[in-house]
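Numbering (our numbering), first residue to last: 263 to 503.
A short write-up of the structure that comes next.
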């Protein structure tokens, strides 16, 4: 045990080497030396060399567990180190379902950037446990969060999100949220969204995402709007039709 601790301490010192290859090799050895090396590997996520960060990510994904996940979530607020933050995001996505509950525990954090990172990660993991908490974030005070939430719900493709997204689709006062909601409804593909989507065709700013979503849902009631879209003066609208 003492020898292992001494070896780990030596590898930790090598992580501070000016030689990137030596730091990468130290990260490899730490990944082979067990879960006790996780704190050092979490620190290595802030390394300036992408190869060192990648090696640390791979090891942490294999270790997983509560301590690793909590450490990764803390790194989402590393605003002064984009490499550490992006590596933490990559690791959380790859760990997957095990991170969902811990991430949901931070979804209402006052840090806007961290809220968005968490929502993006949940969208990439696509676990249905995130659907109801995400629906609540459609009303976030920050528009970027609301839009990111609609996009995440579109990735998860759970029909429970359809009613809330159709409400967003009908709103005129939230910038890009209606656009993102139209796209998300198409990704989910539930036919209950057809009526609200067709009703939104009258808004020129939504014609492109609405026609694309109608095409994805694919129902006989969508034929007339899609045919009409072929004659639209906007080229991009004609193309999605």
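Just so it is clear, CB atoms sit at the ideal spot from N, CA and C, and this is done for glycine as well.
(message) Between which residues of its own chain and residue 341 is the CB-CB distance below 8 Å, once the five residues before and five after are set aside?
(response) Residue mapping note: residue 341 aligns to position 79 of the chain shown, counting from 1. Once the five neighbours on either side are set aside, the close Cβ partners of residue 341 are 347, 375.
(request) Tell me whether residue 265 sits in a helix, a strand or coil according to DSSP, three-state version. (result) Taking the chain shown and counting its residues from 1, one reaches residue 265 at position 3. The DSSP-derived three-state label of residue 265 is helix.
(message) Please report the straight-line C-alpha distance between residue 306 and residue 463, rounded to a whole angstrom.
(response) On the chain shown, position 44 is the one that residue 306 refers to. On the chain shown, position 201 is the one that residue 463 refers to. Those two C-alpha atoms are separated by around 51 Å.
(request) Counting only runs of 3+ residues fully inside the segment 402-427, write out the beta strand (DSSP E) ranges in chain order. (result) None, since the segment 402-427 contains no complete beta strand (DSSP E) of that length.
(message) To the nearest angstrom, how far is the alpha carbon of residue 458 from that of residue 321?
(response) Numbered from 1 along the chain shown, position 196 holds the residue referred to as residue 458. Numbered from 1 along the chain shown, position 59 holds the residue referred to as residue 321. The C-alpha of residue 458 lies about 47 Å from the C-alpha of residue 321.
(request) Would you mind listing the alpha helix (DSSP H) stretches within the segment 291-363 that are 4+ residues and don't spill past its ends, in chain order? (result) Listed in chain order, they are 300-306, 312-325, 327-337, 344-357.
(request) Would you grab the beta carbon distance between residue 351 and residue 383 for me? Rounded to a whole angstrom, and I think it's under 8 Å. (result) Within the chain shown, residue 351 is the residue found at index 89, counting from 1. Within the chain shown, residue 383 is the residue found at index 121, counting from 1. Confirmed, about 6 Å.
(message) If I follow the unbroken alpha helix (DSSP H) through residue 397, where does it start and stop?
(response) Counted from its first residue, the chain shown places residue 397 at position 135. Per DSSP, residue 397 belongs to the alpha helix (DSSP H) from 393-399.
(request) Assign residue 501 to one of two classes, buried (16 or more other C-beta atoms within 10 Å of its C-beta) or exposed (fewer than that). (result) Here residue 501 refers to the residue found at position 239 when the chain shown is read from its first residue. Only weak support exists for where residue 501 lies, its pLDDT of 49 falling under 50; the coordinates are left without a value.
(request) Kindly indicate which three-state DSSP category residue 454 falls into: helix, strand or coil? (result) Position 192 of the chain shown, counted from the first residue, corresponds to residue 454. Reduced to three states, the DSSP call for residue 454 is helix.
(message) Tell me the rounded alpha-carbon separation between residue 269 and residue 292.
(response) One-based indexing of the chain shown puts residue 269 at position 7. One-based indexing of the chain shown puts residue 292 at position 30. If I take the Cα positions, the gap works out to 9 Å.
(request) Leaving out five residues on either side along the sequence, give the residues of the same chain with a beta carbon under 8 Å from the beta carbon of residue 345. (result) Here residue 345 refers to the residue found at position 83 when the chain shown is read from its first residue. So the list reads 307, 308, 309, 310, 312, 315, once near-sequence residues are dropped.
(request) Taking residue 377 as part of the alpha helix (DSSP H), name the residues at either end of that continuous run. (result) Locating residue 377 in the chain shown gives position 115, counting from the first residue. From DSSP, the alpha helix (DSSP H) with residue 377 extends over 374-387.
(request) Determine the burial state of residue 273: buried for a count of at least 16 other Cβ atoms within 10 Å of its Cβ, exposed for fewer. (result) Within the chain shown, the letter at position 11 stands for residue 273. Buried, by the Cβ-count rule.
(request) Counting only the same chain and skipping the five closest in sequence on each side, list residues whose C-beta sits under 7 Å from that of residue 426. (result) Mapped onto the chain shown, residue 426 falls at position 164. In its chain, beyond the 5 residues on either side, 397, 400 have a beta carbon closer than 7 Å to the beta carbon of residue 426.
(request) Inspect the beta-carbon positions of residue 451 and residue 414 and report whether they are closer than 9 Å. (result) The sequence position of residue 451 within the chain shown is 189, counting from 1. The sequence position of residue 414 within the chain shown is 152, counting from 1. No, they are not a contact pair.
(request) Specify the secondary structure class of residue 433 as computed by DSSP and reduced to three states. (result) Within the chain shown, numbered from 1, the residue matching residue 433 stands at position 171. Here residue 433 sits in coil by DSSP.
(message) Just to confirm before moving on: does the CB-CB distance between residue 284 and residue 276 stay below 9 Å?
(response) Counting from one through the chain shown, the residue named residue 284 turns up at place 22. Counting from one through the chain shown, the residue named residue 276 turns up at place 14. Taking 9 Å as the Cβ cut-off, residue 284 and residue 276 qualify as a contacting pair.
(message) Output needed for residue 303: all residues of its chain with C-beta closer than 6 Å, excluding positions within five of it in sequence on either side, in chain order.
(response) Working through the chain shown from its first residue, we reach residue 303 at position 41. Counting only Cβ-Cβ distances below 6 Å, and skipping sequence neighbours, we find 292, 318, 321, 322.
(request) Keeping to the same chain, check which residues put their C-beta closer than 6 Å to that of residue 493; ignore five residues upstream and five downstream. (result) Numbered from its first residue, the chain shown carries residue 493 at position 231. At residue 493, the pLDDT of 49 sits below 50, so the modelled position is not reliable; the number obtained from the coordinates is stated separately. Here the set comprises nothing.
(request) Alpha carbon to alpha carbon, how far is residue 297 from residue 339? Give it in angstroms, no decimals. (result) Looking up residue 339 in the chain shown gives position 77. Looking up residue 297 in the chain shown gives position 35. The C-alpha of residue 339 lies about 23 Å from the C-alpha of residue 297.
(message) Using only the alpha-carbon positions, how far apart do residue 379 and residue 391 sit?
(response) Sequence index remark: in the chain shown, residue 379 carries index 117 (1-based). Sequence index remark: in the chain shown, residue 391 carries index 129 (1-based). Cα-Cα distance, rounded: 17 Å.
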